[in-house]
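Only one structure is covered here, and it is reproduced in the block below.
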Amino acid sequence: MGMNSATEGFLTTRLDDIAGWARKNSLWPMPMGISCCAIEMMSFAGPRYDVARFGSEAFRFSPRQSDLMIVAGTVTYKMSHVVRKIYDQMPDPKWVIAMGACTSTGGMYRSYSVVQGIDLFVPVDVYVAGCPPRPDNLLKGLMEIQKKIERGEKPGQREKIYIEEHA
Amino acid sequence: MDTTTVDPKKRIFRALEDQDTSVTFDDPLENDMILNMGPQHPATHGVLRLLVRLDGETIVSAVPDLGYLHRGYEKIAENTTYHEFIPHTDRLDYLSPLANNVAYVLAVEKLAGIEVPRRAQFIRVICCELARLASHLVWLGTMAMDVGAVTVLLWGFREREKIQDIWDLLTGVRFTTSFTRIGGLAQDMSDETTAAIRAFLDQFSENLHESEKLLIKNKIFIDRCEGIGYISPADAINIGLTGPMLRACGVEHDLRRDEPYLSYPELDFDIPVYHDCDTLARFYVRMQEMKESVKILYQALDKIPNGQINASDPKRVLPKKERTYSKMEELIHDFMIVNFGINPPIGEIYQAIEGSKGELGFYLVSHGEGYPWRLKIRSPSFVNLQSLPVMLKGQMISDVVAIIGSVDPVMGEADK
Amino acid sequence: MKDTVVEKLTARFSESIEFINEYRGELTVVLKKKAIVDVCRFLHDDDELHFDSLRDLLGADYYRPDDRYEVVYNLFSLKNKFRLRLKVRIDESDLHVLSVTSVWSGANWQEREAYDMFGIVFDDHPDLRRMYMPEEFEHHPLRKDFPLMGIPGSLALPRK
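First to last, the sequence lines map onto chains A, B and C. Using the working numbering, the first residue of the first sequence is number 167, and each one after it goes up by one. Using the working numbering, the first residue of the second sequence is number 2, and each one after it goes up by one. Using the working numbering, the first residue of the third sequence is number 3, and each one after it goes up by one.
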């Protein structure tokens with residue numbers, strides 16, 4: 167954002183920039199907590215990792231009030247219809263984080279009932295590796311979404327971001 | 002005035018103006034409403050779906066719908082060796098992965114006839130009790146949050162993070178542990194871990210007491226929990242409830258006492274039993290259980306002997322990694338166990354432990370191969386959820402979340 | 003306790019018992035299919051045996067020419083703290099067995115699960131539907147001839 171130094175007591179910017187800046191720091195996640203990753207997602211919102219530092223502590227269980235869906239857990243074929251329905255109800259612009267191995271690729275569940283990656287039915291912006299990912303890794307995923315917003319990208323466009331697991 | 006001759010619409014309108022009269026419709030079924038709750042709902046603890054038929058605010062009947070997290074564990078188990086299935090057990094009841102690891106390897110060891118050294122047994126007891134604490138802390142936080150007390154969730158997670166740090170020291174990971182091995186453990190417990198557990202326990206009782214004070218001295222919490230979600234002891238036994246659900250109905254049944262496994266006979270602990278059969282009783286049972294777990298952990302840490310952690314059975318117990326890299330014999334055994342499995346004799350067994358939700362059992366059928374022919378998981382959450390239709394009938398719609406919270410279901414295990 | 007159970011069962015149901023087996027201290031009684039409800043009712047109601055709790059009920063596929071499937075009942079007596087396993091064998095040509103929901107209401111969901119996974123039909127069951135899989139799914143996944151990765155196209159994904 168092109169802020170001038172405020173020595174004269176004012177700054178100039180573009181409306182898009184200031185909207186993007188505000189939007190980036192007030193992402194409201196919709197916690198699509200399905201299985202194990204949901205517990206780590208609760209830690210991510212909990213006292214130690216404290217997602218409030220990034221302006222995303224307001225977890226909204228209503229898709230109408232949220233702009234970031236964190237899909238945390240194994241998505242089965244039966245559940246996939248629910249996930250898609252919730253995604254469809256979210257207002258634009260909407261972002262999706264695929265948290266964990268199951269959500270990204272099916273993970274260790276090579277079985278008849280598990281969808282092998284949610285990108286088969288919803289567009290994904292950031293993939294976070296791990297089974298489940300540590301909360302700090304998920305924070306990194308959130309920051310990547312913030313960077314995308316800052317750059318002015320649209321959801322589902324540009325390159326996908328893959329966050330690797332670190333020891 | 003003769004009300005029957007007046008136009009019904011006017012009659013309703015008039016009745017609404019007069020606060021002392023109530024309106025009844027001719028056909029009460031017209032009042033019925035079907036409410037769909039879940040599978041994506043903040044208070045259903047995962048992906049439980051509940052269809053509720055309502056008459057006004059009262060529940061006429063409730064039908065749970067499962068399967069949104071059916072991952073096909075039993076099919077996967079038939080296609081993996083006995084060792085390969087251990088990581089899958091972490092993700093069954095993902096609130097207490099360590100206890101599931103223990104339950105599964107106990108079953109395999111019973112099938113194969115392997116005796117585990119005493120030190121490993123004590124470490125497994127510590128694993129089970131730490132897992133129980135971690136699981137109950139999440140239950141405490143989420144149930145309190147469901148009825149409106151958010152502070153307890155944050156305090157519970159503060160304590161749980163400390164337990165996860167201990168898991169990190171003990172197993173190398175903070176969440177999905179995969180710690181046990183058939184015939185022993187992945188690694189020994191270090192002195193650092195022992196000290197960390199002691200340090201945690203020393204401050205835990207105090208912190209738990211603070212959370213408890215927030216709830217049991219709170220009239221809103223007591224009023225919301227007392228007397229709702231009643232299930233009679235006869236129904237509870239008939240449905241097959243286990244764990245805190247059963248003990249809140251006045252039935253003293255705990256597998257740690259009734260079918261002793263590991264080192265539990267050497268440890269001294271009480272089994273909390275309450276007779277009220279309602280949500281509040283289940284709350285008290287779990288709170289008391291946490292205090293008993295602390296007692297067990299102190300004793301186990303005091304009594305833990307030195308010695309080996311793996312049974313000496315080279316054909317079926319994985320050798321130490323450093324020996325695998327340097328000795329030919331161990332390399333061969335490691336290769337054979339990893340690739341072809343441990344081949345237990347033909348037979349079938351059932352082994353259960355007292356998990357944090359209730360009786361967690363594994364039924365295994367072996368045909369003498371490296372893969373189980375059939376593995377059945379007796380998951381406590383699945384059976385406990387069956388009591389929902391009984392408990393919800395006749396209750397108010399606003400109590401549903403408190404009742405589900407008191408069942409403490411984990412869908413990963415209920416849906417398998 | 004073991005002897006009492008065997009004694010009482012053989013005295014009452016000698017022609018219904020196929021054989022009795024013990025492995026690693028666990029008692030298994032294999033029964034004829036017709037007798038299952040009577041035996042369960044007897045074990046539940048008998049004052050001395052008192053098997054008041056059905057801990058688990060499951061199906062199993064043995065993939066053999068005769069009596070391909072089995073239904074296994076794991077019983078537990080809270081009074082005696084004793085476990086007993088009952089089994090009935092089911093041939094592929096006749097996948098019906100009587101439901102024990104009248105004895106233990108907890109058998110309800112577990113029989114539904116066995117129906118879902120193996121296609122075993124429990125007669126007199128109050129509500130025999132699939133437990134886990136969607137209602138429109140046509141196969142029974144835990145049968146040995148069903149592939150681990152499933153049959154492509156048998157389960158629908160939402161439109162992208």
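No residue lacks a Cβ here, since even glycine has one placed at the ideal position from N, Cα and C. Computed from a predicted structure; not experimentally measured.
Residue 255 of chain A sits exposed, since fewer than 16 C-beta atoms from the chains shown fall within 10 Å of its C-beta. Rounded to the nearest whole angstrom, the C-alpha separation of residue 203 of chain B and residue 211 of chain B is 14 angstroms.
Annotated as proximal: residue 159 of chain B and residue 212 of chain A, with beta-carbon spacing under 9 angstroms. The C-beta of residue 83 of chain C comes closer than 9 angstroms to at least one C-beta of chain B. Fully enclosed beta strand (DSSP E) runs of no fewer than 3 residues occupy 234-238 and 261-265 of the region 233-269 of chain A, in order along the chain. Under the three-state reduction of DSSP output, residue 392 of chain B falls in the helix class. Per DSSP, residue 87 of chain C is one residue of the beta strand (DSSP E) stretching across 84-92. With 16 or more neighbouring CB atoms inside 10 Å of its own CB, residue 163 of chain B falls in the buried class.
In the structure shown, residue 198 of chain A adopts extended strand secondary structure according to DSSP, grouped into three states. Around the Cβ of residue 65 of chain C, a 10 Å sphere holds fewer than 16 other Cβ atoms; the residue is exposed. Residue contact with chain A for residue 161 of chain C: present (Cβ-Cβ distance below 9 angstroms to some residue of chain A). Taking 9 angstroms as the cut-off, the Cβ atoms of residue 398 of chain B and residue 59 of chain B count as close.
Contact check between the region 49-59 of chain C and the region 226-246 of chain B: three or more CB pairs, one atom from each, fall below 8 angstroms, which counts as touching. Within a 10 Å sphere around the beta-carbon of residue 248 of chain B sit 16 or more other beta-carbons, which makes this residue buried. Residue 310 of chain B and residue 312 of chain A have their C-alpha atoms roughly 48 angstroms apart. Chain C places a beta carbon closer than 9 angstroms to that of residue 251 of chain A, counting this residue as a contact. Taking the Cβ atoms as the reference, residue 34 of chain C lies roughly 5 angstroms from residue 18 of chain C, within the contact range of under 8 angstroms. For the C-beta of residue 213 of chain A, the chain B residues within less than 7 angstroms are, from N- to C-terminus, 155, 158 and 159. Its Cα nearest to that of residue 91 of chain B, the residue B/128 stands out among B/120, B/128 and B/314. Residue range 119-147 is occupied by the alpha helix (DSSP H) that includes residue 132 of chain B. Contact between the region 257-270 of chain B and the region 282-301 of chain B is present, with at least three C-beta pairs closer than 8 angstroms. Just so you know, the alpha carbons of residue 205 of chain A and residue 94 of chain B end up roughly 11 angstroms apart. Taking a beta-carbon distance threshold of 9 angstroms, residue 320 of chain A does not count as an interface residue toward chain C. In the three-state DSSP reduction, residue 328 of chain A falls in the strand class (E or B). Taken atom to atom, the span from the alpha-carbon of residue 213 of chain B to that of residue 295 of chain B is near 15 angstroms. Three or more pairs of CB atoms, one per stretch, sit closer than 8 angstroms, so the region 281-294 of chain B contacts the region 130-144 of chain B.
A contact is defined here as three or more CB-CB pairs under 8 angstroms, and the region 277-288 of chain B fails this definition with respect to the region 316-331 of chain B. Think of a sphere of 8 angstroms around the beta carbon of residue 246 of chain A: the chain C residues whose beta carbon falls inside it are 159 and 160, in chain order. Per DSSP, residue 55 of chain B is not a residue of any alpha helix (DSSP H); the beta strand (DSSP E) it occupies stretches across 50-56. No Cβ-Cβ contact shorter than 9 angstroms links residue 47 of chain C with residue 15 of chain C.
Residue pairing by DSSP places residue 21 of chain C opposite C/32 in a beta bridge. Distance from the CA atom of residue 94 of chain C to the CA atom of residue 68 of chain C, rounded to whole angstroms, is 8 angstroms. When only Cα atoms are considered, residue 42 of chain C and residue 307 of chain A end up about 56 angstroms apart.
For residue 303 of chain B, no beta strand (DSSP E) segment is defined; the enclosing uninterrupted segment is the alpha helix (DSSP H) at 280-304.
About 20 angstroms separates the CB atoms of residue 68 of chain B and residue 409 of chain B; that is not less than 8 angstroms, and the two are not in contact.
The three-state reading of DSSP puts residue 246 of chain B in helix, counting H, G and I together.
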